[in-house]
Every structure is written in C-alpha cells, then in structure tokens.
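**Q** Residue numbering for the sequence shown follows the working numbering, beginning at 186 and increasing consecutively.
Idealized CB from N, CA, C, for every residue including glycine.
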Amino acid sequence: MIMNNKQPKTTPAFSSENAFNNNRSIYLRLLAWIPALFVAAAIFWFSSKPAVESTEMSDSVSRLILLIGTKLGFFRGNPAQYAELIELMSFPVRKTAHITEYLVFYCTVRFGLHFTYQPLNMKRRLLTALAIVFLYACTDEFHQLFVPGRAGRFTDVLIDCFGCTVVTLICTIKKSSSQR
C-alpha cells in the first residue's frame with residue numbers, strides 16, 4: 186500500500202485559484218466585480234454634472250495645484266495672472282482626470298476578469314479589459330449628449346482610453362519579453 190505524504194495545498198480564501206475550486210466561487214466572482222461597478226458609477230456621476238458644475242470642479246483642482254505650487258515657490262505673481270493660469274490649466278486638468286478615472290476603471294475591470302475567467306491568459310485579459318473600457322467610454326460620451334452644456338465626442342473616448350492602451354502595451358511587451 187502506497188501512502189501519499191503530500192500535505193494538501195492551502196490557498197487564501199480570496200485567491201483566483203479558490204474562486205474556481207470551492208462552493209463560494211460564485212460569491213467571490215461577484216465580489217471581484219464590485220470595485221469596477223463602483224468606479225463605473227463614479228464615472229457616470231461625474232459625467233452627469235452639467236458643464237458649469239464640471240468646469241467649477243476642474244477649476245477648484247487647478248486652484249489647489251496653484252496654491253500648492255505657490256507654497257512651494259513655483260508660482261509668483263498677481264491674482265490676475267492666477268486667473269489666467271487657472272484658465273490655461275483647465276484643459277490639461279480635465280483630460281488628466283479623464284485618463285486617471287478610466288485607468289482606475291481599467292484596473293478594476295482587469296481585477297474582475299482575473300477572478301471570473303481563469304482560462305483567459307494575461308494578454309487576452311488585458312485586451313478584454315481594454316474593450317470593456319472602450320465600450321463604457323462610448324456609452325459615457327453618449328450619455329453626455331443628454332447633460333446640459335456637455336457634448337459627446339469620440340476624441341474624448343480616445344483620451345479616456347489612452348492610459349489604458351499604454352498600460353496594455355507595456356504589459357504585453359513586458360510579458361512577451363519575459364517569455365523569451
């Protein structure tokens with residue numbers, strides 16, 4: 186009689202391996218998507234703001250950046266120049282916010298995919314996450330057509346997906362170079 190002396194492998198309760206091997210798997214899979222749903226809801230909420238309110242939020246971020254820059258000695262000048270700087274900063278601040286919120290959404294979608302579809306290899310997971318983010322960005326721009334003062338633009342979809350595309354390319358290149 187041959188005895189197997191191997192100890193059973195234990196894994197943490199919330200691991201991708203356990204998500205497919207125990208009775209709680211459906212709950213773990215659903216829990217893995219909560220961050221993506223939360224971020225999608227936040228994006229929807231920001232997109233629901235009328236243009237005036239959205240601009241004010243961006244300008245308050247610009248004022249905060251100027252305040253910090255002034256305290257650190259990067260900016261000097263009179264208040265008229267600050268108003269001009271805030272106006273100049275508006276576009277980059279808004280677009281950086283778009284890239285950032287969609288990059289966070291992309292990461293949470295990748296997380297959900299990781300725990301939901303084990304057979305997907307990393308490259309396929311990256312591309313699937315990018316496709317989901319792209320489709321959500323399209324629906325977000327469509328939604329903005331109905332918000333006062335806002336407009337749905339395909340260029341905004343491209344800006345939203347820019348950071349995600351860069352991360353996808355970097356991860357794909359890194360993965361393919363490590364396999365050599």
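Can you grab the Cα-Cα spacing for the pair Lys308 / Thr357, in whole Å?
**A** When rounded, the distance between both Cα atoms is 6 Å.
**Q** Quick one: what does DSSP say Tyr212 is sitting in, helix, strand or coil?
**A** Looking at Tyr212 - three-state DSSP - the assignment turns out to be helix.
**Q** For the candidate residues Phe327, Lys234, Leu298, whose alpha-carbon lies nearest to that of Leu315?
**A** Checking every option, the nearest Cα to that of Leu315 belongs to Leu298.
**Q** My assumption, with CB atoms under 8 Å, is that Val352 sits in contact with Leu288. Please give the rounded CB distance.
**A** About 7 Å separates the two Cβ atoms, so the contact holds.
**Q** Please report the straight-line C-alpha distance between Leu248 and Phe290, rounded to a whole angstrom.
**A** Leu is not the amino acid found at residue 248; the sequence shown has Arg there. Using only the alpha carbons, I get a separation of about 26 Å.
**Q** Run the CB neighbour count on Ala265, radius 10 Å, all protein chains shown included, and call it buried at 16 or more, exposed below.
**A** Classification for Ala265: exposed.
**Q** How big is the Cα-Cα spacing for Val278 and Ile284?
**A** Using only the alpha carbons, I get a separation of about 10 Å.
**Q** Could you give the uninterrupted runs of the alpha helix (DSSP H) lying entirely in the region 231-314, keeping only those of 4 residues or more?
**A** Qualifying alpha helix (DSSP H) stretches, in chain order: 236-256, 264-301.
**Q** Using DSSP with H/G/I as helix, E/B as strand and the rest coil, what is Gly348?
**A** The answer is helix: DSSP assigns Gly348 an H, G or I state.
**Q** Report yes if the C-beta distance between Ala221 and Val294 is below 7 Å; otherwise report no.
**A** Cβ distance < 7 Å, so Ala221 and Val294 count as in contact.
**Q** Assign Ile228 to one of two classes, buried (16 or more other C-beta atoms within 10 Å of its C-beta) or exposed (fewer than that).
**A** Label assigned to Ile228: buried.
**Q** When you compare only the Cα positions, how much space is there between Phe347 and Arg214?
**A** Each residue's Cα considered, the two are about 28 Å apart.
**Q** Sorted by chain position, which residues of the same chain lie with C-beta nearer than 6 Å to Phe327's C-beta, five sequence neighbours on each side aside?
**A** Correct list, in chain order: Gly337.
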